[in-house]
Structures are given as C-alpha cells and as structure tokens.
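*Asks:* This is the structure, below, for whatever I ask next.
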Amino acid sequence: MAVSVDEAVSTGSVRDHTPPARRFGGRGRSVLEVALLTVLAVVMLFPVLWMIETSIKENRDVYAIPAKFFHFTVTLDHFKDVFAAPGGGRSDLSVAFLNSLLVAGASTVLATVLGVPAAWAYSRFAVKAKKDQLFFILSTRFMPPVVVVIPIFLMYRDVGLIDSKLGLILIYAAYNVPFTIWMMKGFVDEVPAEYEDAAMLDGYTRLQAFRRFTLPLLLPGIAATAVFALIFSWNEFVFAIFLTSSDGVRTAPPAIAGLIGGTTVDWGLVAAASLVFALPVLVFAYLVRKHLVAGVTLGAVRR
Amino acid sequence: MRYPKRIRRLSVPRRTAQLATAAMLVATTMAACGQDDGADSSAPKAPATIPELTKDPLTLSFIWFDWPPAHALEDFANAEYAKERPNVTIKVNTVPNANWHDAMFTQFAAHKTDFDIPILDSQHIGEAVTNGNILDITDFVKKNIDVKAYNPYLLAAYGQFPQAETGKRDENASMYGLPLLGDTWTMIYRKDLIGDKPPQTWDQMISVAEKCQADHPGVSGLAFHQANGSDAAAVTYNTVNGVYGGNLWNAKERKIEGVLNDAAGQEAMDVLVNKMKPLTAKGSGNWFIDEVNATVAQGKACIAFNWIAASGGLLDPKQSTLGTTREQILDKLGFATLPSQKTNLVPLGGMGMHVSAYSSKANQAEALNFIKWFERADIQKKWAAAGGVPSRTDALASPEFLDAGPFNQVYADSVPRMRDMWNVPEYARLVDIENTNVNAALNGAKEPEDALDDIAKEQQGVLDSGSGKGGGGL
Amino acid sequence: MAFISPALLLLLAMSVFPLLWALYLSFTDYSATRGGPAHFVWFENYTAILTSAQVHTRALTTLIYVVGAVTLQTALGFSIAYLISRRTHGRGLLTTLFLVPMMLSPVVVGLFWRFMLDAQFGVINSMLDSLGLGQVEWLTQQRTALISLIVVDTWQWTPFIMLIALAGLTAVPKYLYEAASIDRASEWFRFRTITLPLVWPLLLIAVLFRAIEAFRLFDLVYILTSGGPGVSTETLSFHVYKVAFLGFNTGTASAYGILMVLVVIVLTQLYLRYLNKLKED
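Those protein sequences? They're chains G, Y and D, same order as listed. When you number the first sequence by the UniProt record's numbering, it's gap-free, plus one each residue, and the end is 303. When you number the second sequence by the UniProt record's numbering, it's gap-free, plus one each residue, and the end is 474. When you number the third sequence by the UniProt record's numbering, it's gap-free, plus one each residue, and the end is 281.
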C-alpha cells in the first residue's frame, strides 16, 4: 500500500506542471483508471488463461459443471498427444505443424525476395503512374479470400497445383507481396538516397550501392516485414481448407479445425494444439513490437 | 508520425484498359479450352476382371472425414491387406467433417485426385456419377462379388445409381460402389433412470423422456442432432418424418412440394419441434455427434440418438462420468433400435468405397483388388472384430460382429428397416436447405410450418432449375 | 523495371488473371464440376443476385455485423489505449498483453470461443450460473448468435484499434497540453480540442481496415455458428462459399464475388475521399 501511495504522490508532484488533469481528485481517479484497466485486461486475457487451463486438464474435468477453476488434476498428456500419435510415431498434427513451417517460411522468403527490390525501386525511381500502381498493388490484398479462391481453384486445377504445398506457397506469397512492398517502401524512404548517390560517385553501380550501403540499413525493417508475412501465412485458414485435403500437405489451421466434428471432441487436445501453434507467433510478435503499428496497417500508418 | 499517402482517384488509363481487354480475351480462350475436358460426363467403366497388379511399392489412398472408423480402417487395412499385398501401404487421408463433401468434390472438379478410393456418403453417388468422377463397376461386381450375400438394399444404397426404391435393389441398374461401413441411428437410454426396457413407440419414448426429465432435475429428457452443418438436422427431421409415415419426395415425378409438406410431414415437424425439442437441453440447437456424445457421457440425458459408428467413445471411461470401467458404464447405458410409430423406418447412414476416375491405372487396379478383398466373407468378419460394421449378411450374423460392441445387435436388427435420403446430383444443396430450415425451426428462428413449406418450395426449385439461366445456386 | 516486374508478374498471375477469369465466368452459367461449355447469360447472374431476397438478408446481416463489431471495438480499443497512455509504468507490458488475441489464428479463436460459449458446458454460462444469472443460449438464438459473433470479433480485434490509437495518443506533443493547462481549460475541452483531432485521422484509418476485414468475414462464421441458427448469421462471404461449393454454381459465385469486390472498392474510395477532405479542412 505504501508503495502505491508513494508512487501516486511522486508522479503527482513531478507532473504538476505538465498535467493531464491531476488537479482535482487525481489519486481517486488514478485508482479508478488502474482498476478499470485491470478489469479490461482480465476480460481480454481470460480466454487465453482458460485455454491454458483446459490444455492441462483431464477430459473428464473439461466438461465439469460448474467449471473447475482451481481443483483439478494436472496432466501434460494433451501436449504429448499434439506431437506423438497414440500408437507411437509422429502425430498428424505434428506433420501439419511441419507443413505450416515449410509453407509459411517459403512463402515469406518468396514475398521478401520479390517485394524488397520492388519497394526499393518504387521509392528511388520515377516510375510511371507510380501512385496508381501502388494503389492497385494494395487493392489486390483487399479481395475477400472466399472470392479469390474460386478462380484460383480453376487455375490451379489446370496447372496441377491443387492440394500441393507449392500452390499454397504461391498464393500466400501473392498475398504477402503487396504488404511487403508497402511496408518496405516506408523503410526505404527513411534511408536517404544520398548514401547511394555518394557511393555511385565512388564508382559503384546503383545495384552495388544498394547492396553495400542501403541493404544493411534496411535489414531490421526487412526482418519486421518478413515476420508479419510469416504470421499471416501461419494463421491463414480459407485457402488452406479449400485448396488442400491430404494429410501430407495440410497446414496446421485446418488440421486443428479437423479435431472437432469426429465423435467426441478432445477439447484438451484442441487447447494444447492451439497453444503450441500460437506460441511462435507470440514470440515473433514480441520481437517486432516496435513495428507492430506499421505491420498491422500494411505500412499505411507509421510512427 | 506520417499520415497515409493521399490516394488519387482510381483512374483507368487507356493503356490499362487495352491490357485488361487483352487479358480478358486470353482468359476467355483459356477458360473455353479448360472446359471441354469435362463435357463427357458419364462415368468411365472399370474392367470386369482385375488387371495385373504391380509388384512395385504402391500407396493406396483413401479420403474420409476425421473420426475413429477412419483410423480403424487405416490400421486394419495395413495389418491385414499387407498380408496378401506386402508392397502396398494404405493411407486414409482425413479432412474435417464440415469439409468432407467439399474436399472430395473440389478434387473431382480438378480432375486430379490425391485419393484412389473416395469414401462417399451414400447420397453423394449421384453427383459423382453424373459428373463422371468415379468408375462404373457394374461388370466388376457381376464377375467378382457375390451379390446374394448381402441385403439388397445395402448394395443399392452404397453403390447403385439411379437410386433404388427403399428396401430394394434394381438388378439392371449400374453399380458404382460397394459397402465399406454400415450405419444407422441407435437409441441410447439410461437403464438406471428409465428402466431396462426401452420404449417401443415414438409417443412412448417422448412420454418416458418427459417423465425422466421431471424426475431427475439437471438431466434432460432427450438429446439428438440439431446442427445446421453436414446433414445433422436434416437426418433428424427425415427420421421423424419416416416414423410418422411421411415421404421425402416422389422420386419418379421428382416432386417434393406437396409430398414432403403433406399432413404426415406436418405432423412430423410438429412432433419434432413442439414435443421433442422442449425435452432437450437449453442451447442444444447446434448439437451434432460430438455434443450428443458429450452430454450422454456427462450423464445429462435420459434418451439420446446417435450414429452407431460414432458411439464407441461412449464406452471409454476416460471420457465418461458414468463409470470407471466399461462394465460400469454399460450398467447404466442401454442401446436399442429406434422406436416405431406409423412405420418402423430408420435412417441409413454409413458409406461405400468407390474408385476415382482420375487415379492411375495401377492404382485403380489395386483399388479394385482391395475392394474385392474387403468384401470377402472372412475379411468382413475380421473388419467387424476390428470395430467396423460389415455389410455381408453372414458377417452381420457372426459372433465376431455381434460381440464386438453393445450396439451391433441394434445395427443387425435395423438393416431391414432402413431408408435413405435423395441420392441425386443436387444432394448438397437439398440437404443444406433442409438443414438450415429445420435448424431454424428448432431454434425458434422460423415457425415449423413455414420452415417445412420453405424446404419443400426451395428444394423443388433446385430440382426444377436447369442450366442456361443466370443466378443458379442462390 | 527489372526490380518491380517480378513482383508485378506474381500479382498479375495470382491476383489479376484469376480476377479477370472470374469476371468472364460471372457472365456465364459455368459450373466447375458439371463441366460442359459455359453459356453466356450476360447480366443474368448479376440481376439475379441483386434482386434475390436471400442475398438481401445476408447483406443486412453483414451490415449489422460490420457496424456492430467495428463500433464496439473502436470504442473499446480507444478507451483501453487512452487508459494505457495515461499510465507511466508498465506501458510496454500492458500493450503486449492486450495484443495477444490479435495474434491468434481465426481457427483457434473460433474453436475456443465455441467451447467457452457452449450453453451446457461452457465456462461463460457456468460463471453466469454461479452468479445466479441463468444460462444464455449464445450460439443458438437469432439475436444472441449474431451478438456472439460480434463479441468474439471484438475480442480478437479490439487490440488492433488499441494499438493504432495508442500510436496516435503517445504522439500528441506535450506543449499543446501545457498551453491548454495555462489557459485552465477543462479536461473534456482539452480532450476534445487537442487529443481527439490529432488521433482522429489515425483512428479513421484503423476503422477502414477493420471494416474491410469484417466485410469479408468467413472463417469465424464457418467455425463458430456455420451460419446458424437457420441462416441468421450467414454473412455475404459465407453465402458465396455455399453457392460456390455446395452447388458448384461457379458462374453465379463469381458474379457474387465480383460484386463484393466492387462494394469494397467503391466504399473505400468514398471513404478515402472523405478522409482527404477532412485533412484539408
């Protein structure tokens, strides 16, 4: 208690001259705000906590009424089931995780390799109808996936890409290229073109100048952009469910969805699989926390 | 902070317009080329005798939805079929139940399948045959399968097209599949709550459930499928419709309107919505197989209806609060054939095996060989012992089958009482119309009479609509 | 341009070409499974869609959902951002924690909420029950099902609005407040005249993004309610899916999709124009 009083007093005094309204009832209001924030945080995080609890409960307790919050037997069986098949060997889920890893990874690499040079060019050179091109590029990202999947399906069947990892990689890359270009263009804009100009005066070609001087400065931006592309491909569901069907190709989201609709739902397994699946994304999101705003708005908003 | 760039009006320069036109022309020609390959839409024929089989390693792939029988099939086939064909591996690909039809038919539409043996729902056959997706195995069946060993309706339901009359088989009709897993609904009842004797008529069943619910607070009288996905709510209505003497359609005249919503159909809808639904748990309006099983396992229902093939999990003590051993659970749970009322019809479930028209010749030959092997008397008994539901009459009467599960006798007794839905190419849309409307009626989103009339009208519309008009499928 | 063309080529092949193909198919009665040549029906698909009562119902559902969800998450997201911006300690940690829902796959979100909202065994009803509030049929009543959909979407995407609003709030220059506090302006006045005008444009962009995403919602419906009860939570995207994959009416579905894309483009254009005007004023 003493600590919070101290804090309130000290912040109050320090901030006295630049106050967002600490003048009247400052403490009471501050307490109220903290309380409100705590309630909101609990509400927002409760589903995640419940997921963690469900993943370590025995199935018998999962359905208990009233719900068991504290007194249940802890088991790690569900996490074991995520990776190992009941009869030994690898589980279907773990195969799906590997597929997800490959598909998300490859599509991200492809989108980065194609997107970064394009972003650089859009930033540096006078391209004809640049704004139109950029808007067009962005607009391809806004099409409803359910709509896109129909012609993609027709196209894929003629070239034999249905139910193949390559098919998924290509469509995810195509979804991520607009994002990569928009996001990276912002990063390139921040690197003064003079660096490259100066290098060119020293006898480097434009490309060499880009590689030696601009690219190293762009690396953090590229990493952030790639992580967002990775998260999109990792979580994507609509294309995955309509374009793939065999266990060897299927990525994790449809595989997790497949856990319900059998004869009994193993909610513990669903929760464990969801957690294992979400963990890499959360870690990655934490790593790029500085660029989150730009990342979630396709680079339209930066700070 | 930078604000987003100002974006100019979307103007289409002339060059872009020209490009677009050109691209569209290309698209048009490509699309036109791409379509003709499907024009020949009668199913290709399988050879009468199985061609020579390969000695090289071969993977025979199935597609099914994710449920225990799919895993049982993979284990069983790999253990037993490998004894005869050591170079063959069996792979049963599984997709989410909600995606089952789409996953098979999108691949059929692609004219390239990653499976050799699709396990179609019995009503999918019409769509697959009309589009030429599966092999016509009429000659193969004549030469290799002892058709007299089966109840004729089972053969017809899982293989024949056009559809047979209920209970019969048309020996001149073409065959496109053979039975893999038989199934029907079983009534699951709590012996400790309503006594050892299961109710015999539908009315009795409702009054027993009513009393049980009143006597045992917290336990609901009934639990059954009500969801609007898959064929859940539709099968429920169809079952009640059959029991109360209704008909789904007049197959010869392709008439649904005036048939489905006749007096018997109306009565069935009234029984379902006004008598049965009030006895179910609150919020059970989206229940399907899983949820009904869960509520039984949690001891929250007096009487429940579920597919037999999906009932195995009920005996698993790990999922159940009814007992800590299988025996203890079986002291409380009874399994019986459905009660009858005006008729004794029960829904036909289960699936057959078919051969993809797009598999390689070697795989098609292997698939035919597998099917022939699977339908052998001794293998059918082994399949029964492994937890499957066979179709041959001798296997159904065998102790291997009858002793394998407490509900297997129910299946054997139900075989002569089965009725299936419409097996037509438009099945997916018919069942969706029925599902959504029955689900709406069960959840108070529509008046029951209106729902039934809407089903009849919309389904009739689907049957009557030909191609050549815009807006099909809305 | 050697640097741009590979990227544009991929987009042409994977976005433009399929879209043009869909445009062509939208004028025909083509079906992906039935095969056979496509017959031109010209605008019949379009008129059928635009006049269909079924489509109108879905459009209304989608509209209620988009407006409800976006309004709710904007209000909530902005409030959280405002509260966080007024804290001096633990801002980073708080922000990170609040962001978790947004990072989850829609599949995970849908499945798990379905479990929590289950009327019989769900934890939400269990808690309501112990508070003596009785059980709510979250997913099986017309109104509550749509509300549930809005609530779940709000749970997942409030962090999005929060994140962007926070970016705006923390960028408000301090000297503006100082000037205002010398004038002894009331807090509400300061909020209205300093904070809001500076955050507003950012917030509007966030709303645009959310509205577009919400308009094309599919996965959550597919998993949470599959459109039920009846068809009362079927969105436009879900309806397109049914037309495209249940009956394989590819022509109709293509026209339906093209119309949806048009709606997005036209509304976005109008909205952006409004934004630009706002900025000029």
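Even for Gly, the Cβ is constructed at its ideal location relative to N, Cα and C.
Cβ closer than 9 Å: which chain G residues qualify as neighbours of Y/ILE289?
*Replies:* Position 289 of the second sequence, counted from the start, is the residue given in the question as residue 289 of chain Y. The answer, in chain order, is GLY261, GLY262, THR263 and THR264.
*Asks:* Verify whether the separation of the beta carbon atoms of G/PHE242 and G/VAL95 is less than 8 Å.
*Replies:* Taking the first sequence and counting its residues from 1, one reaches residue 242 of chain G at position 242. Taking the first sequence and counting its residues from 1, one reaches residue 95 of chain G at position 95. Not closer than 8 Å, so no.
*Asks:* Which residues, in order along the region 55-72 of chain Y, keep a beta-carbon less than 8 Å from a beta-carbon of chain G?
*Replies:* So the close ones are SER61, ILE63, PHE65, ASP66, TRP67 and PRO68.
*Asks:* Could you spell out the range, first to last residue, of the beta strand (DSSP E) harbouring Y/PHE305?
*Replies:* Counted from its first residue, the second sequence places residue 305 of chain Y at position 305. 301-307 is the span of the beta strand (DSSP E), which, as asked, contains Y/PHE305.
*Asks:* What residues from chain D crowd round Y/GLY461, counting only those whose CB sits closer than 9 Å?
*Replies:* Within the second sequence, the letter at position 461 stands for residue 461 of chain Y. Chain D residues near Y/GLY461: none, gap ~11 Å exceeds 9 Å.
*Asks:* According to DSSP, which residues form a beta bridge with Y/ASN93?
*Replies:* Indexing the second sequence from 1 puts residue 93 of chain Y at position 93. Looking at the DSSP assignment, Y/ASN93 forms a beta bridge with Y/ILE63.
*Asks:* For a quick check, are the C-beta atoms of residue 376 of chain G and G/ALA111 less than 8 Å apart?
*Replies:* Within the shown structure, residues of chain G are numbered from 1 to 303, placing residue 376 of chain G beyond reach of any answer.
*Asks:* For Y/LEU181, which of helix, strand or coil comes out of DSSP?
*Replies:* By 1-based counting over the second sequence, the position of residue 181 of chain Y is 181. Strand, per DSSP.
*Asks:* Measuring CA to CA, which of D/SER15, D/LEU202, D/ALA180 and D/GLY77 is closest to G/LEU40?
*Replies:* Here residue 40 of chain G corresponds to residue number 40 of the first sequence, with the count starting at 1. Comparing Cα-Cα distances from G/LEU40 to each of D/SER15, D/LEU202, D/ALA180 and D/GLY77, the minimum goes to D/GLY77.
*Asks:* Checking the sheet assignment: what are the DSSP bridge partners for Y/SER174?
*Replies:* On the second sequence, position 174 is the one that residue 174 of chain Y refers to. According to DSSP, Y/SER174 bridges with Y/PHE161.
*Asks:* Checking contacts by CB at 8 Å: is G/ARG250 closer than that to chain D?
*Replies:* Along the first sequence, one-based indexing puts residue 250 of chain G at 250. No, its Cβ sits nowhere closer than 8 Å to a Cβ of chain D.
*Asks:* Note down, in chain order, all residues in the region 407-429 of chain Y with a beta-carbon under 9 Å from any beta-carbon belonging to chain D.
*Replies:* Per Cβ criterion, the list reads PRO425, GLU426, ALA428 and ARG429.
*Asks:* Going along chain G, which residues have a C-beta under 9 Å from D/ILE49?
*Replies:* Counting from 1 along the third sequence, the entry for residue 49 of chain D is found at position 49. Ordered by position in chain G, no residue passes the 9 Å Cβ test against D/ILE49, which lies about 13 Å from the chain.
*Asks:* Strictly under 8 Å for the Cβ-Cβ distance: is D/THR154 near chain G by that measure?
*Replies:* Along the third sequence, one-based indexing puts residue 154 of chain D at 154. It does not; no Cβ of chain G falls within 8 Å.
*Asks:* So what does Y/ASP136 bridge to, in DSSP terms?
*Replies:* In the second sequence, the residue the question calls residue 136 of chain Y occupies position 136. Beta-bridge pairing links Y/ASP136 to Y/LYS45.
*Asks:* What do you get for D/TRP188, buried or exposed, if any count of 16 or more other CB atoms within 10 angstroms of its CB means buried?
*Replies:* Looking up residue 188 of chain D in the third sequence gives position 188. It is exposed - the Cβ of D/TRP188 has fewer than 16 other Cβ atoms within 10 Å.
*Asks:* From Y/TRP249 to Y/LYS255, what does the alpha carbon distance come to, in whole angstroms?
*Replies:* Here residue 249 of chain Y refers to the residue found at position 249 when the second sequence is read from its first residue. Here residue 255 of chain Y refers to the residue found at position 255 when the second sequence is read from its first residue. For Y/TRP249 and Y/LYS255, the distance between alpha carbons rounds to 6 Å.
*Asks:* Any idea which residues DSSP pairs Y/GLN119 with across the strands?
*Replies:* Along the second sequence, one-based indexing puts residue 119 of chain Y at 119. As written in the sequence, residue 119 of chain Y is Ile, which differs from the Gln given in the question. Looking at the DSSP assignment, Y/ILE119 forms a beta bridge with Y/MET353.
*Asks:* As an exercise, report each continuous alpha helix (DSSP H) stretch of at least 4 residues that is fully enclosed by the region 121-201 of chain D, in chain order.
*Replies:* Within the region 121-201 of chain D, the complete alpha helix (DSSP H) runs of at least 4 residues are 123-130, 142-170, 174-182 and 187-190.
*Asks:* For the structure I just gave you, are there three or more beta carbon pairs, one from the region 282-295 of chain Y and one from the region 109-128 of chain D, closer than 8 Å?
*Replies:* Touching, per the Cβ criterion.
*Asks:* Would you list the one or two residues that DSSP bridges to Y/TYR150?
*Replies:* Residue mapping note: residue 150 of chain Y aligns to position 150 of the second sequence, counting from 1. Y/TYR150 pairs with Y/ARG392.
*Asks:* Thinking C-alpha only, which one of Y/ALA451, Y/ASP432 and Y/ALA384 is nearest Y/ALA441?
*Replies:* Locating residue 441 of chain Y in the second sequence gives position 441, counting from the first residue. Of the candidates Y/ALA451, Y/ASP432 and Y/ALA384, the one whose C-alpha sits nearest the C-alpha of Y/ALA441 is Y/ALA451.
*Asks:* Check for me: the beta strand (DSSP E) holding Y/LEU333 runs from which residue to which?
*Replies:* In the second sequence, counting from the first residue as 1, residue 333 of chain Y sits at position 333. Start and end: 333-336.
*Asks:* Rounded to whole angstroms, what is the Cα-Cα separation between G/PHE46 and G/VAL270?
*Replies:* Position 46 of the first sequence, counting from 1, holds the residue named residue 46 of chain G. Position 270 of the first sequence, counting from 1, holds the residue named residue 270 of chain G. Approximately 17 Å, taken between the alpha carbons.
*Asks:* Determine the extent of the alpha helix (DSSP H) in which G/LEU138 is found, giving its start and end residues.
*Replies:* Locating residue 138 of chain G in the first sequence gives position 138, where the first residue counts as 1. Note, G/LEU138: alpha helix (DSSP H), 130-139.
*Asks:* CA-CA distance, G/ILE162 and G/THR244?
*Replies:* Looking up residue 162 of chain G in the first sequence gives position 162. Looking up residue 244 of chain G in the first sequence gives position 244. Distance between the alpha carbons of G/ILE162 and G/THR244 is about 7 Å.
*Asks:* By DSSP, does G/MET143 sit in helix, in strand, or in coil?
*Replies:* Position 143 of the first sequence, counting from 1, holds the residue named residue 143 of chain G. In this structure, G/MET143 counts as coil in the three-state DSSP scheme.
*Asks:* Mind checking which residues open and close the alpha helix (DSSP H) that includes Y/ALA233?
*Replies:* Residue 233 of chain Y sits at position 233 when you count from the first residue of the second sequence. 232-243 is the span of the alpha helix (DSSP H), which, as asked, contains Y/ALA233.
*Asks:* If you pair each beta-carbon of the region 304-321 of chain Y with each one of the region 216-234 of chain Y, do three or more pairs fall below 8 Å?
*Replies:* In short, these stretches touch, since the Cβ pair count reaches three.
*Asks:* Looking at chain G, is there any beta carbon in it that lies within less than 8 Å of the beta carbon of Y/ASP196?
*Replies:* To locate residue 196 of chain Y, count along the second sequence from 1; it is residue 196. Not closer than 8 Å to any Cβ of chain G, the Cβ of Y/ASP196 fails to qualify, so no.
*Asks:* Look at the Cβ atom of G/ASN99, then the Cβ atom of G/LYS57, and state whether they are nearer than 8 Å.
*Replies:* Within the first sequence, residue 99 of chain G is the residue found at index 99, counting from 1. Within the first sequence, residue 57 of chain G is the residue found at index 57, counting from 1. No, these two residues do not count as a Cβ contact at 8 Å.
*Asks:* Quick check on D/ARG58 - is its C-beta less than 8 Å from some C-beta in chain G?
*Replies:* Walking along the third sequence from the start, residue 58 of chain D turns up at place 58. Not one chain G Cβ lies under 8 Å of D/ARG58.
*Asks:* Please report the distance separating the alpha-carbon of D/VAL199 from that of D/VAL172.
*Replies:* Locating residue 199 of chain D in the third sequence gives position 199, where the first residue counts as 1. Locating residue 172 of chain D in the third sequence gives position 172, where the first residue counts as 1. Taking the straight line joining both Cα atoms gives about 8 Å.
*Asks:* Return helix, strand or coil for Y/PRO13, following the three-state DSSP convention.
*Replies:* Indexing the second sequence from 1 puts residue 13 of chain Y at position 13. Low confidence applies to Y/PRO13: its pLDDT is 42, below 50, so where it sits in the model is not reliable, and the reading given next is rough at best. In this structure, Y/PRO13 counts as coil in the three-state DSSP scheme.
*Asks:* In this structure, does DSSP put G/ALA67 in helix, strand or coil?
*Replies:* By 1-based counting over the first sequence, the position of residue 67 of chain G is 67. If DSSP states are grouped into helix, strand and coil, G/ALA67 belongs with coil.
*Asks:* Nearest to D/VAL123 by alpha carbon, out of G/HIS71, G/THR54, G/ALA229 and G/LEU37?
*Replies:* Along the third sequence, read from residue 1 onward, the residue named residue 123 of chain D stands at position 123. With distances taken between Cα atoms, D/VAL123 lies closest to G/THR54.
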